[in-house]
Every structure is written in structure tokens, then in C-alpha cells.
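As you go down the protein sequences, you meet chains A and B in turn. By the UniProt record's numbering, the letter at position 133 of the first sequence is numbered 133, and the numbering carries on one by one without gaps. By the UniProt record's numbering, the letter at position 546 of the second sequence is numbered 546, and the numbering carries on one by one without gaps. Note that the Cβ used here is the ideal one computed from N, Cα and C, for glycine as well. Report on the structure given below.
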Amino acid sequence: MGEFNVHRVRFFNYVPSGIRCVAYNNQSNRLAVSRTDGTVEIYNLSANYFQEKFFPGHESRATEALCWAKGQRLFSAGLNGEIIEYDLQALTIKYAVDAFGGPIWSMAASPSGSQLLVGCEDGSVKLFQITPDKIQFERNFDRQKSRILSLSWHPAGTHVAAGSIDYISVFDSKSGSAIGKMLVDRQYMGVSKRKCIIWGVAFLSDGTVISVDSAGKVQIWDSATGTLVKNHLVSNADVQSIAVSAQEDSFVVGTAEGTVFHFQLVSVTSSSSEKQWVRTKPFQHHTHDVRAVAHSPTALISGGTDTHLVIRPLMEKVEVKNYDAALRKITFPHRRLVSCAKKKQLLLFQFAHHLELWRLGSTVATGKNGDTLPLSKNADHLLHLKTKGPENIICSCISPCGGWIACSTASRFFLYRLNYEHDNISLQRVSKMPVFLRSALQILFSEDSTKLFVASNQGSLRVFRLLEGGFTHLHSFQPQSGTVQSMCLLAVSPDGNWLAASGTSAGVHVYNVKQLKLHCTVPAYNFPVTALAIAPNTNNLVIAHSDQQVFEYSIPDKQYTEWSRTVQKQGFHHLWLQRDTPITHISFHPKRPMHILLHDTYMFCLIDKSLALSSQQRCCCGHAVMQFGLRAQPAHGALVPCEGGVGGARGEQQMALKEPLPNDKTLLYNPLPPTNESDVIRRRTAHAFKISKKYKPLLFVDLLDEKTLVAVERPLDDIIAQLPPPIKKKKFGT
Amino acid sequence: MADLEEGFTLTAVPLGSGPDGPLGVEQSDKTDQFLVTDSGRTVILYKVSDQKPLGSWSVKQGQIITCPAVCNFQTGEYIVVHDNKVLRIWNNEDVNLDKVFKATLSAEVYRIHSIQGTEPLVLFKEGAVRGLEALLAEPQQKIETVISDEEVIKWTKFFMVFRHPVLIFITEKHGNYFAYVQKFNSRILSKYTLLLGQEEKCVIQSFSTSVGRKFISLMSLTSDGCVYETLIPIHPSEPEKNQRLVQSQLLKSVVSGSARSGAALSILDQDHVAVLGAPRPASKECLSVWNTKFQTLQTSKELPQGTSGQLWYYGENLFMLHGKFLTVIPYKCEVSSLAGALGKLKHSQDPGTHVTPHFVNWETSQGCELGSQNSEQSKRILRRRKIQVSVQPEVPASTQLLATIQKDSEKHIEVELRKFLATKRTPDFHTIIGDVVIGLLGRCKAEPSFYPRNCLMQLVQTHVLSYSLCPGLMEVALEKTDVQILQLCLQQLPDVPESVTCACLKLFLSIGDDTLQDADINMESVSDYMDPVQDGEMEEQTTFLQNGFNPEEDNCDSCAQKLKEKPQAAADESTSCPLTPKRAALLNAILCSAYSETFLLPHLKDIPAQHSTLFLQYLYFLYLKCSENATMTLPGTHPPTLNQIMDWICLLLDANFTVVVMIPEAKRLLLSLYKFVKSQISICSELNKIEVSFRELQKLNQEKNNRELYSIEVLELF
């Protein structure tokens, strides 16, 4: 395959914001996550935990509560006192309603999903009726002394528990009157603390109320009598979150020390029916506060200040060893934050509120594998571009020539013209934006930087011609009638003829840019697209899905390529399929059309289509397979879309997938071949997947030219260094 | 804790008897089935767990049943008396009582008694007693008068005392009570006058008895509401004489004296009695369970509809009349145990089913004292079953083995044991092994000459024993100074208490070498590092031992060897072992056993100074041996680890430091130990420095990899 000079970039100072709330929707198996900057992300747990949608954050919109209601409607509430509903199709905010109770600390949807309850700073609990297109204020519950920090409905909808400061109130949800009050002990390890904040409550159907508080206690109350049944002191610091499973046989709490405790309802003796809550498992996957937990039927989900979303499967609930049986830690967004102007060797980094433009350095030296070359010119920070306003940047792009930068927030679209004069850069904002161009979900420049493609959130795709100092609107591809499907991913062919666009769920549409019409639609697949790109010359569209399948579709022929069929027939290597981060970027070797470059967070891979998919040599494979742990198993066919899931559109492929996977025992990750062996052996052991795991976590990898790669790394240590310090815990021996 | 469960009504139809209640409730030959005799004309057989009648028999209009029906346990037939003199015998198949066997007697019958294991007895109103068989053989025989005129039988009870039937009946005459005890093995009738404890006369309302080893305990409930106990000797010293018995008060004011329909008393077990009656004059009647030992009320249950002052107790069921219905209240008494207190036994039993003996009395089961008549009965059944079982050909091997242990010769036991161990292991194997060991030890204690050493060795080596399964084993071995068994026990038993460990240690240190010489000790823990050479030095070093000199046969050889190796040995005196290999092997067993410092330390203080010095010397030797190689381990199989050695050195010094420093030899030892430890510490600190510098190296390496923000590297993809 050859040698590459790799620009190893670690100066992308990206810090994800901490997780504030998580809300699990059992119906669609989706998880909504809100972050401290107001961003809301939606993960599809059925599609390998792919982050399929996101709503950009807003400085004034600190989300404090997030919940699903009425099926699959998503609401959030925050310290600006507003309740927001999200439009999951258009990926915009549908409306915001002020609750007029000051900052909102908590929110809960009724078990039937038709009512929404918010707890406010002024001690009021407000009930809203969810109407088909809005929410309507209905009633105030009895006003409490201080802010309502947590709310929970009785599963029958008859009562509501509300956690405040120092006490828990129980309301009758019909009348709204407070019928009970449970005082929480302020004592903390024998010392009286100033206040005891009830961070979370959970109401069980037998009338039990579980509360977690700032004194580190998990308390189980009988709401009928208002008595404390059981007290578990789990932490020296606050217990900040609680989530109960749907069966009410287990719950999970998260503490400020980063520990997550699992509680289970366990029989006292083997024969009796008497059960009690027992703290069964502690998990320490976080370094900082666990601000939010959720309990899916098979996993404990936790997130907190350390920005990781951790999905810890409950092994007793997992029946087959598959994707769901592994611990997941999701740290980085499943979308690109970096774009690259190859010719000028520029990198554009997207932050929440600004963009950074860097020019890569250079070297004149050469070296052999593993060498670090002396730099003749270091990387330059060229530009720091701050957006105005409180909104977060949704997307950004730099043109391949480096002359244009475009970015968009939820309400404004920015286009800049860059001029390079020796070492000086002048930036000029293109004013006079057309009215219809207010926000974009995805921006893309054509290879020759003469066209700009913008995916807006009403499903339309707009094509602009870029001129020196201005641009004109060429065309707008409207979505097919009736569908409001936002396009999230765009790809344009290097010759500028074809534009591929993929939405959140439907198939990939290919448009003919010359004739300005829809050319074809790639058949729908039941896993979302994570990345797509069109190959030079051949105009083959390469599509990566969240289940780690990669397809190649010939746009001119309107069918899958021969190579793609072969791959599907043989099946991917099980280690390939077991990777747990999606492919976020695909690009091609500028000189060798047979080479495809793909990367996820932990590896990048060059696929050489000319080589056999797997090496037939088995001499060293055992070693390699063992090294990566999991053995192939028949059940993992379940991971591959097969049977009815694919639908008739991919009949032939379906047939291919049913076959056993022959290359399971062969090698995926090449060890360094012994140098003393002849070229013949090398060639024989070579296979199509050239994988490197040297750089990680990877945010971006691209081929600058035939011999140069750029890899943008973001070491976790650097992120942790920028987080607030965690609660100091005494360790033995320190 | 005693516990009255929710009661249930047995008869769906009210008994036609009115306030008098039923005549009696008697057990039938099947468990759970009871004969209830109405005071009118009817006998009903009930199955209690099903709460339904299985059969009902009535005498003709005009006749009246005068004595409760009983079951003849030997034949399974039922017997009833009507119109005082007419005896009827029938069985389950019979439908009409008129057509069954009938015998008309010459005197009036008071009661028929029938219990398991003996023939029924007929007690006549005049105090005479006849066996049923004898009576049936000649129904019209002459019945003598035993008691005087105007004396009336008040209460009677029939039970077995050491397989001999005993009948007791209480009579009353002008407010005086007399107890007659009729024993049938000797046909002696003893008469006692019951003296009430207090001045004023009060009426005794109810009696109940239980049988002890020497006494029959007769409890009586008097009209002043107190329970008195009278002990009647089973073997009277002067049988023919009229003796006086004094009652002692057991419980005070359990019922109010002025109960409407009287009160009743029943002994439930050794410590518990059930009392039926109103606790206060105005209150409703109650069934209460009292603990006589602690004189506390255990539980009580109100019977709002009133009762008749009659109480029967069989198995675990209390029968009484509640309103007009016969009510059964299951009674349960769990022995309070630690496990129970910890909640392990909580709800261990399904409330729906009543397993027969859920009251386990450890003392009774060991035969110290017999509990109530009921546990007596059930015990009898068990015994009978056991006897039957031993007759049958397929006896469980374990039972057979246990029997063998009690009587056979040592050799025979050994053979039997080997046979038993060769068979397949059952789930309760370890308890059986425990029983076998306890059996053997019991016999050891009884016969001082009996010491089945090989058997015990074999048993210990089954790997299933623990100290708590056979608590006496190590004590016996200590007594017999059987170091071999002790070594095995220390190696095999997981839970040897620290006191015993320490006792072993003392023994191992003090036992004479000549005794050790003969012992067959497992030497594998010392074989590799203990050359049998140093006996020579040992003579010098261990002169303070009780039996310091060791007349080993290879003594000369070792001397010769010692001569050869003299220079080296002299150069490093401390590398030679201060003990014989056998003693070392024993001590290794101690070193490897588990202990808790807190419990061990006080016992270690008791070791004589010279012994602790010797032990310390040995530990020092092991420590030196350990430090000879880089891995800091001793050679051989299962040697003590360095940590164990260090811990024991610390323990020993902790316990005996003040003593040890006073002994000159020990002082020398301590000094050299100190020197050695010091040198080790200096080595460790050097190692520490090296480790720190390597750590820096690693840090440097990491930094080089990670800290650069930007670099251009060469990567070759294959």
C-alpha cells in the first residue's frame, strides 16, 4: 500500500459539553440526551447507538429537564422558564411556551403521555395538557415553599411526588392538592448540612417513593403513610439522578463522585415472596458528576459532567452476545466537525460558537515507518471566527480551494470569502443573504468551488453558484411531496455532476446537478447512513451505515457495483462488524480510484478494492484474532441485516447474506509483516482492508494528496484536563 | 418463638351438645385424623388438614355416649362406651353402630385410654383398670373397687414411661385431691395426696402432665388462676404408702378465677403451656401460651364467642370449642436460634403445609429429658421406625456404620469405614462423616483404650470435615498428643479456632523428639529445604528444649557430614535449621493455617518463653531461606509463604517481646534478626529508588508520544 506522511493534528481543542439529562423512549428505543450548552441529541439504540439527530444548543437555553410524551414527542424545559417541543422531522424547535414560574427545574410527562408537569423555581407545579400541536396550561398544583427539583408520576397517574428542598410532597394529580409531605433528614454523616436537596424522586406503582438527595442518601418511602422504609447511604457526595426500570424491579442512581449504583428488588429468602431493595452493583465509569441516568430494559445509561454517555448492559438481561452486550462509552458526536481544503492544506474546526482555521505545516525530510519527521514549518492558526448571537453552530464547511467558508446557526447563514496574499488573509463576509437561506443542516462545496449546496431543514436542497464576491441561487430540489425529511448528509461527485443526499431515515437520493433533477434513489436500508461519498471517475457512491455495512452504488448504472455484491456475498469480517463507532467520513485516493478511505473514532481504513477481501493465509491469523478478543459466532448474523429487514429492494444481497461468513477466522488487522519475507508472500497475505489503529480517538482523517494523510486526534486526557476538577476522593496510599 | 396461627373451624354444623362441649378429641391411627366425640350420640372422624369429616357414627336414640371414642392403635378399630357399661368396637367400614361388636360390662367405665404402642386400657369409675383384651375375653368379670366412697375421678392420663405404660388419675373427695399412679410393668398402684400450696381451698380446674426422666410433672390450674406444678416420682421409694406431694406455684394469675365455663390447661412442651380462659374477670376468653421458664406470655388469641373450658393438644394442633364450633388452632414453637434471629429461617416454611415435627427441641432429641406426652409419642414412633428399619435388609450404610462404631472392634470399624468411603457420595456426605467422627469420639471418651487413629485419619482426609462438624476431634488428638492427626487437621480443616491452633503450637514445640521420631508426619512442606544435616547444630542450639538430645539413628551420619561441612556451617550458623525436619513440618502446618490476629494474640502470650524463642528461631531461619532466592519463596510443595512467615514473626514478637528480650539466647537471635531486617530495608529502599527512576523513564516515554500538538509522522500501511 505504501508509505504516507501523516499530519498528526492534536490542536483541535474540542471539548464536548457535559450531559445534563437523558430520557429513554421505550417505544422507539431512542435516547434523548441534552447537554449543558442546550444541545439535544437523539441516539437510536436499535441502530448501534447511532446519534441520528441533534438540535443545536443555545446559550440562554440551559436544559434542566427532558422528557418524551405522547408517543414520540420530545419536550425540554430549562432555566429560562420555557418549555420547548422539538420537531423531530424538521430538526427544529417547534415552539417554546413560557411557564411563568421562573426557571424550570424538573418536568415529567404523565404515564398516559397526555399531560406534562413542570416544577418551577417559585415552588409551583404546573400541569399542561398536551394537545396535538401544542401544550396548554391547565392548572397549578398547591404551591410549595421552595423550588421543585424533581417530579415523578405514579404509574397509574393518580399521584405525583415532587422533590423540593428538605422535603418531598405528594400531590393528588386530579385535584392538585398536596396530600402528603415527607421530611428528609438533613444529617449528613452525622453533621447537619445546611439543606438537603432532593435531586430525584421515583414513584412506584405500589406507592413506594424513592428519593435521592444531596446528602448522599437513597431513601425508600411509603407514600401512603409518609414513613421512611429504608435508607441507603451510598455516597459522601450528592446523589443526583435516579431512573427506574419499567418493570419496577431495578433502579439506578448516579452520584457526584461518578459512581452509578444499581439497586434491585431481591427476594429476602429463596422461597418467600417478600422482596426488598438491595444495592447490587456499583459502576465507576465516570470521573465526574453523573447528572443523569436512564434505565432501558437491557442497560443502564448514565451521563454527566465528564461528557461521556455510558451504556452499561445488564448482562442478565442480554440473551445473545451481540452489539448490545458490550459496554459503550460515547464521547464524540457522530458527525464531522472538521473540514479540509486539500489543495491549500487548510483545516477548518467547528466549535460551538466559533470556527478555527489552521494551515498545516510541512517537512522536507523523509523517513521510514514510525519516524517523526522534523518540521520545516509548523502549523499556523490562521483565523478565529466568532459567530454573533447565542446560538450554536450547526454545520460548517471550507471550500476545497480554501477560498470560501460557510457556516450556519439555527437562524443565520454565514458565507465568507477568503483572500490569501502571501501570509496575510483577508476575510470578507458575503452579505445579502437571500431570505430563504436562514439555516442549514449541511453545507457542501463542489470540488471546483464554484457551487454551494445547502441542505435546509424543510427538506429542500438548494444549489448556489459562487461568483467572486457574491452568489446566485441556481435551483432548489424540493422533497417529494408529503415528506418533510431533513437531509443530514451530502456528497458531491468530483466532476460536479452528481449530488447525493441522505436524510435521517429514508434512502439516499441522487440528483443530477447538470440537469437539476432527481436521478435515482438508492433503496432504503433499515439502518441510518453515517457517511457517504462519491468516488472520482467512476461516480460510485459509497455509503456507510450504522451497522457497519458499506455499500458501493454505481450512480450511472443505478445499481450496486460488482465489488459491493462480492463484499456482501462474503460478508464483512466479524471484527469489522463489531466496531462500536460509526464511520463518519469517507474519501478517496486522488490517484488511485480503487482506494477508499474510511474512518471511525478508533481506526482508519484504506480499502483496496483490487485485492481479495481477506487473506487466505491462516498462519498468523489465530494470533491476530485472539488479540482482538471476540471469536466469530453464528449469532452475529443477527447483526447483518437479513431476512425481512432489508426488504425486496435488495433481494440479491439478502440471499448473499444468508450464507455463512467464510472469512471469520481470517485476519482483519494486519500485523506488521516480517520484513525478511519476500514480496510474493507479502502479496499473498495482503487483503483489501488496510487498517491502522495508531491514531485515536480520531475526529477526522483525509488524504491530502497521494502520499499525505491528515489525522485529527483528540486525546481524552486533553478533554479531561479542561473539565472542572472532580470531587476529590481519598485514595489509599496517596 | 411460640406462635398461634390462624385457627379454623372443624365442624361445619354446631355440636349438639350445648355448653358442655364435646366429650373428647382423640387421635386416630392415621396422622392428621381425629375422633371427635359429641356429648350426645355421635362420633365423627375428621381429617384436620382438609377440615372435613371422613366418617360419622351415631348410637341409637335413647342411648348416650358416656366416654370419648378412642382408636385402638394396634388394630385400627375404634372403641366407644355408651350408657356407661356398653362397649362398642368398630372400624372404618362399619356404617351402623348398632350392628357392630358389643360387650356389656359389669361396672361403669370412666375412660378408655389408648396410645401408640400398647393395648387400650379401660378405667372404671371405681378406679379399677383392665386391659382391653383381658376385658373382652370375659366382659362380665368382677371389677374391684379401688377408690373410697365419695371419691370421684376428676382427670386421668395414660402414657408411656420408658416403654412401660403408666396410668395416672386424680380423684377428689371433699376438696382434697389424690393422685393415683398405676404402673403396669410392676402392677403397683401408688397413691399420693396432693397438698395445695396455700391455705384457702380452691378448686382445681384442669390438669396436664408431662413426663421427665424421674418425675411426672403434673400441672394444675386452680380456680384462683394460678398454675401449680407437682412432681410425682416415677419410681416411688415406698410404693404402698400414701405419700404427700406439695405443689409449687409456676405461674400466677394466668386466668381470672371466676371464669364462666372454667379454664383449661395443656402442656405444649417443656417450657410452654397453653391456657384457655378469661385473663381478667370481665374480659373475653382467650387462648394464651405461656413460657413457664421465663413466666412470660408468649402469645394469646381471643375467643370472643366463648369456650367450654376444654382444651386438647395433639401434634401441633390445639382443639377447643369456640362458640358452638370445634376450632383447631395450629400452634408452632420455633426454637429461637441465631439463624432465626438473622432472618434466615424467616418464612422458610410454607404456611399452607404443616410438617409434623417443626418444633425441634435439642435436649429432647438428645434424650436428656422427654418433652410433653406428644413429643414422647412422636419420638416413640421414630424409635419404632428405626427398629423396623434395622430389621429390613436395605439399611442405609451410614446407619449401619454408626451402629458398628458403637460396638465393634477398631479393626472392624476400619474395614467398614473403608467400605463406606468407597461408596458413592450422597449430598449429605459431610454430615454423615461428621456424625461418624462424633460417634468415634464419643466412644473414645467412654472407653479410654479405644482410639481409632487410622479411621480418624481417613475421615479427616475426606476433605469434607470442618472443625465445627467435629468439635471434639482436635481436643482428643491434643489429649492423646497425636501430632499426626493434628497436622492433618490443621491442613484440612478450614475453621480451626485460634485457641486450638495455639494449643497445637504449644504441643508441637514441647513434644519430645523421641515421640516425634515415631510419628509418621507428612514432610512435604519441608523436604526441599531441610536437609537432615543440622541435627548436629541442633544439639547445641536446642539444649533448652525439654528433650533436647535427639537419639536419631542417622546421628552418626549427620555428624560425619557435619564434620565435612563444618567450615560453612560455622560461617553461617543461622542458615541451619534449629529444628528437626519433623517438628518443622508440624510448625509449617501451623504457619499455613488461617487465623485472626485478635484472637490469636492472647493465646500466644501463654507460650513459654523458651518455646517462643525456639519458634522465633525457626521463623528467622525460614525468613533467611526465603531471602535466598529472588522470588522470595521457599522450595517444595506447600511451603509457608514469606508473608505468612513475616506475619508470624510480628505476632510472636508482639505477644512475647517483653519476655523474649530478657532471655540471653533470644536476645542474640533478636539482634541478628534486627540486623538482617535492617539490611533488607536498605535493599528495599534502594529498589525503591530504582523503581522511581524507571517510572520517570516511562513518563518521559509517554510524554514523547502524547504531548505534541502537531507532528508529521511516517506510516506504512500493509
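Between residue 692(A) and chain B, is there a C-beta pair that is closer than 8 Å? Output row for residue 692(A): interface = yes.
Counting only beta-carbon atoms, is residue 409(B) nearer than 8 Å to chain A? It does not; no Cβ of chain A falls within 8 Å.
Check whether the Cβ atoms of residue 83(A) and residue 93(A) sit closer than 8 Å, and answer yes or no. No Cβ-Cβ contact shorter than 8 Å links residue 83(A) with residue 93(A).
Could you check whether the Cβ of residue 712(B) sits closer than 8 Å to any Cβ belonging to chain A? Among the residues facing chain A, residue 712(B) is included, as its CB has a counterpart in that chain under 8 Å away.
Compare the C-beta of residue 708(B) against all C-beta atoms of chain A and say whether one is closer than 8 Å. Residue 708(B) counts as touching chain A.
Would you tell me roughly how many angstroms separate the C-alpha atoms of residue 403(B) and residue 417(B), rounded to the nearest one? A straight line joining the alpha-carbon of residue 403(B) with that of residue 417(B) spans about 12 Å.
Buried or exposed: residue 730(A), going by 16 or more other Cβ atoms within 10 Å of its Cβ? Classification for residue 730(A): exposed.
Beta-carbon separation of residue 616(B) and residue 669(B) under 8 Å? Closer than 8 Å, so yes.
Out of 334(A), 427(A), 13(A) and 554(A), which has the shortest C-alpha to C-alpha gap to residue 47(A)? Minimum Cα distance to residue 47(A) is reached at 334(A).
When you compare only the Cα positions, how much space is there between residue 612(B) and residue 656(B)? Using only the alpha carbons, I get a separation of about 8 Å.
Which residues in chain B have a C-beta closer than 9 Å to the C-beta of residue 7(A)? List them in chain order. Close partners of residue 7(A) in chain B (Cβ separation under 9 Å): 710, 711, 712 and 713.
Does DSSP put residue 154(A) in a helix, a strand or coil? Residue state, collapsed to three classes: coil.
Which residue comes first and which comes last in the alpha helix (DSSP H) that contains residue 644(B)? The continuous alpha helix (DSSP H) containing residue 644(B) extends over residues 642-660.
For residue 423(A), go through chain B and note every residue whose CB falls closer than 9 Å to its CB, in chain order. What residue 423(A) touches in chain B: nothing, since even the nearest Cβ is about 18 Å away.
For the structure I just gave you, are there three or more beta carbon pairs, one from the region 582-601 of chain B and one from the region 481-493 of chain B, closer than 8 Å? Look at the beta carbons and you see the region 582-601 of chain B touching the region 481-493 of chain B: at least three pairs across the two are nearer than 8 Å.
When you compare the region 515-524 of chain B with the region 621-628 of chain B, are there three or more beta-carbon pairs, one atom per stretch, that lie closer than 8 Å? Taking a contact to require three or more Cβ pairs closer than 8 Å, the region 515-524 of chain B and the region 621-628 of chain B do not qualify as touching.
With 16 other Cβ atoms within 10 Å as the buried cut-off, status of residue 134(B): By the neighbour-count criterion, in which 16 or more other beta carbons inside 10 Å mark a residue as buried, residue 134(B) falls on the exposed side.
Quick one, which of 410(B), 162(B), 685(B) and 157(B) has its alpha-carbon nearest residue 207(B)'s? The option with the nearest alpha carbon to residue 207(B) is 157(B).
Which residue's Cα is closest to the Cα of residue 585(B): 250(B), 516(B), 296(B) and 308(B)? The shortest Cα separation from residue 585(B) among 250(B), 516(B), 296(B) and 308(B) belongs to 516(B).
Does DSSP put residue 549(B) in a helix, a strand or coil? With a pLDDT of 39 at residue 549(B), under the threshold of 50, the modelled position of this residue cannot be trusted, and the question is left open.
Taking C-beta pairs closer than 9 Å, name the residues in chain A that residue 414(B) reaches, listed in chain order. Residues of chain A passing the Cβ test: none, with the nearest at roughly 41 Å.
Do we get a CB-CB distance below 8 Å when we pair residue 6(B) with the residues of chain A? Not closer than 8 Å to any Cβ of chain A, the Cβ of residue 6(B) fails to qualify, so no.
Using DSSP with H/G/I as helix, E/B as strand and the rest coil, what is residue 221(B)? Three-state result, residue 221(B): strand.
Within 10 Å of its beta-carbon, does residue 376(A) have 16 or more other beta-carbons around it, so buried, or fewer, so exposed? Exposed is the call here.
So, is the C-beta of residue 691(B) closer than 8 Å to a C-beta in chain A? Output row for residue 691(B): interface = no.
Quick one: residues in its chain with C-beta nearer than 7 Å to the C-beta of residue 581(A), no 5 flanking neighbours on either side, listed in chain order? So the list reads 600, 601 and 602, once near-sequence residues are dropped.
Does the contact criterion of 3 or more C-beta pairs under 8 Å hold for the region 560-580 of chain A versus the region 457-468 of chain A? With a cut-off of 8 Å, the region 457-468 of chain A and the region 560-580 of chain A do not count as touching, because too few Cβ pairs lie within range.
Reducing DSSP to helix, strand and coil, say where residue 694(A) ends up. Per DSSP, reduced to three states, the secondary structure at residue 694(A) is coil, with no helix or strand assignment.
Rounded C-alpha distance that separates residue 501(B) from residue 598(B): Straight-line Cα distance between these residues: approximately 13 Å.
Got a sec: which bits of the region 353-382 of chain A sit with their beta carbon under 7 Å from any beta carbon on chain B, in order along the chain? Listed by position along the chain: 361, 363, 367, 368, 369, 370, 371, 372, 373, 375, 378 and 379.
Skipping 5 residues on each side, what residues in its chain have a beta carbon closer than 6 Å to that of residue 113(A)? Only 69 and 70 meet the Cβ criterion.
Might you give, ordered along the chain, the residues of its own chain that have their beta carbon closer than 7 Å to the beta carbon of residue 480(B), omitting 5 neighbours on each side? Excluding sequence neighbours, residue 480(B) sits near 451.
Residue 295(B) versus residue 211(B) - alpha carbon distance: The alpha-carbon atoms of residue 295(B) and residue 211(B) are separated by roughly 20 Å.
So what's residue 678(B) in DSSP terms, helix, strand or just coil? In the structure shown, residue 678(B) adopts helical secondary structure according to DSSP, grouped into three states.
Taking 8 Å as the limit between beta carbons, can you name the residues of its chain near residue 697(A), skipping five residues before and five after? Within its own chain, the residues whose Cβ lies closer than 8 Å to the Cβ of residue 697(A), once the five positions on either side in sequence are excluded, are 331, 332, 601, 602, 713, 714, 715 and 716, listed in chain order.
DSSP on residue 684(B), reduced to helix/strand/coil? Here residue 684(B) sits in helix by DSSP.
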